[in-house]
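Peer 1: Counting the sequence shown from 1 gives a position; the working numbering is that position plus 24.
Here a beta-carbon is modelled for each residue, glycine too, at the ideal position from N, C-alpha and C.
Only a predicted model underlies this, so the values are computations on that prediction, with no experimental measurement involved.
Mind looking over this structure? Questions follow.
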Amino acid sequence: MDMFYRWVWDEIGGYTSNVSHEHADEWMRELALSDASTAHKSNCQKSVQMLFKWRHHEKGESKWDPEIKFSSDGSSSPRDYLTREERAAIREAALEYGSVPSYGNLTPEERVRWKRYLAQRFEKPKSEIVPTDWDRANAWKIPSLVWTSLDVGLRPVEVASAEIAWVDTENELLRIPKEESAKNTENWLVSLRSQTAEALERWLSEREAREKYDEADKLWLTRNSNPYSTSSLRYLLYRLCEIVGIDTEHRKMSWYSIRHSVGTYMTREEDLAATQAQLRHKSPRTTMKYDQAPVEDRRNALDRMG
Numbered sequence: 025m026d027m028f029y030r031w032v033w034d035e036i037g038g039y040t041s042n043v044s045h046e047h048a049d050e051w052m053r054e055l056a057l058s059d060a061s062t063a064h065k066s067n068c069q070k071s072v073q074m075l076f077k078w079r080h081h082e083k084g085e086s087k088w089d090p091e092i093k094f095s096s097d098g099s100s101s102p103r104d105y106l107t108r109e110e111r112a113a114i115r116e117a118a119l120e121y122g123s124v125p126s127y128g129n130l131t132p133e134e135r136v137r138w139k140r141y142l143a144q145r146f147e148k149p150k151s152e153i154v155p156t157d158w159d160r161a162n163a164w165k166i167p168s169l170v171w172t173s174l175d176v177g178l179r180p181v182e183v184a185s186a187e188i189a190w191v192d193t194e195n196e197l198l199r200i201p202k203e204e205s206a207k208n209t210e211n212w213l214v215s216l217r218s219q220t221a222e223a224l225e226r227w228l229s230e231r232e233a234r235e236k237y238d239e240a241d242k243l244w245l246t247r248n249s250n251p252y253s254t255s256s257l258r259y260l261l262y263r264l265c266e267i268v269g270i271d272t273e274h275r276k277m278s279w280y281s282i283r284h285s286v287g288t289y290m291t292r293e294e295d296l297a298a299t300q301a302q303l304r305h306k307s308p309r310t311t312m313k314y315d316q317a318p319v320e321d322r323r324n325a326l327d328r329m330g
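And the structure:
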């Protein structure tokens, strides 16, 4: 394998020995904006694909499905992004996705903890909390995760590393430290919608009632107490799409579809500077890919021009 790794090293600069899917996608985005030849871009991607293919067969790691795919003719195809209507639908689907644990599945000790939380949430004495209160109490983990991603365009690695210290609900901000901000060297202050800040505040309160978070600073964990991964987030997105009837069969959907929608519509509503800040791009060149009016907008402009 030494010869193979030297080949990959020569192709993309020698940084793939511990490369993650997120890092590989970030390199492909930078490569797409570079002046490299068509052949070089295609060869770079093939090299990384072969590396992940080997890791899949030898170590059981997940396969890499590139966010941007280079073809022999030099074209590249980014993954689909969510439309405005789909973004709104995904927000609603997140509210339906989960609920608090079933009353019948809790131990007496766990019920005490949850009664305390439900009493605060419904503003009633703990002694008056009854089993039906469990039925009307939707959990806020998924809404807070999804809504934050719809606002901030969180990368999968950032969802996994997010901590409660990042959340500033009072100022409706997410404070991402430079140590955790993927590919960047500065702290980032990222705007949140008021509804998202409220969902995060509710989740932080609910989170205190969940025992698995007692010794954890992570903002979100899976039901198995693990950080979210690219595959688990893809599964979540597909489930949300299924709830609201969004067809995913012929689309290149991933968690980055949410991020791309933030970049696309932030650029259209504001400008590239706003998009660069919201998506936490270190280089303005990375943001330039969103400076392209969709074909339907250009067609409408032609109609208006006469």
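State yes or no: is the C-beta of residue 153 within less than 8 Å of the C-beta of residue 163?
Peer 2: Taking the sequence shown and counting its residues from 1, one reaches residue 153 at position 129. Taking the sequence shown and counting its residues from 1, one reaches residue 163 at position 139. Not a contact, by the Cβ cut-off of 8 Å.
Peer 1: State the beta-bridge partners of residue 197 as determined by DSSP.
Peer 2: Within the sequence shown, residue 197 is the residue found at index 173, counting from 1. The partner list for residue 197 (beta bridge, DSSP) reads 192 and 215.
Peer 1: Hey, residue 303 and residue 177: beta-carbon distance below 8 Å or not?
Peer 2: For the purposes of this step, residue 303 is identified with residue 279 of the sequence shown, where counting begins at 1. For the purposes of this step, residue 177 is identified with residue 153 of the sequence shown, where counting begins at 1. Cβ distance < 8 Å, so residue 303 and residue 177 count as in contact.
Peer 1: Please name the residue in 49, 106 and 141 whose C-alpha comes closest to that of residue 157.
Peer 2: Here residue 157 is taken as the residue at index 133 of the sequence shown, counted from 1. For the residues 49, 106 and 141, the minimum Cα distance to residue 157 belongs to 141.
Peer 1: Can you pull the DSSP bridge partners for residue 187?
Peer 2: In the sequence shown, counting from the first residue as 1, residue 187 sits at position 163. In DSSP, residue 187 forms a bridge with 242.
Peer 1: Should residue 249 go down as buried or exposed, given a rule of 16 or more other Cβ atoms within 10 Å for buried?
Peer 2: For the purposes of this step, residue 249 is identified with residue 225 of the sequence shown, where counting begins at 1. Flag for residue 249 reads exposed.
Peer 1: Is it buried or exposed for residue 273, if we count other Cβ within 10 angstroms and need 16 for buried?
Peer 2: Walking along the sequence shown from the start, residue 273 turns up at place 249. Residue 273 comes out exposed.
Peer 1: Mind checking which residues open and close the beta strand (DSSP E) that includes residue 93?
Peer 2: For this step, residue 93 is matched to residue 69 along the sequence shown. For residue 93, the enclosing beta strand (DSSP E) starts and ends at 92-94.
Peer 1: On a CA-only basis, which of 213, 188 and 193 is nearest residue 200? Give me that one, please.
Peer 2: Counted from its first residue, the sequence shown places residue 200 at position 176. Check the Cα spacing between residue 200 and each of 213, 188 and 193: the tightest is with 213.
Peer 1: Curious, which full-length beta strand (DSSP E) runs of at least 3 residues does the segment 229-313 contain?
Peer 2: none
Peer 1: Could you have a look at residue 105 and say whether DSSP puts it in helix, strand or coil?
Peer 2: As a working note, residue 105 is residue 81 in the sequence shown. Secondary structure at residue 105: coil, using DSSP grouped into helix, strand and coil.
Peer 1: Of the residues 174, 215 and 202, which one's Cα is nearest the Cα of residue 192?
Peer 2: Here residue 192 corresponds to residue number 168 of the sequence shown, with the count starting at 1. When only C-alpha atoms are compared, the closest one is 215.
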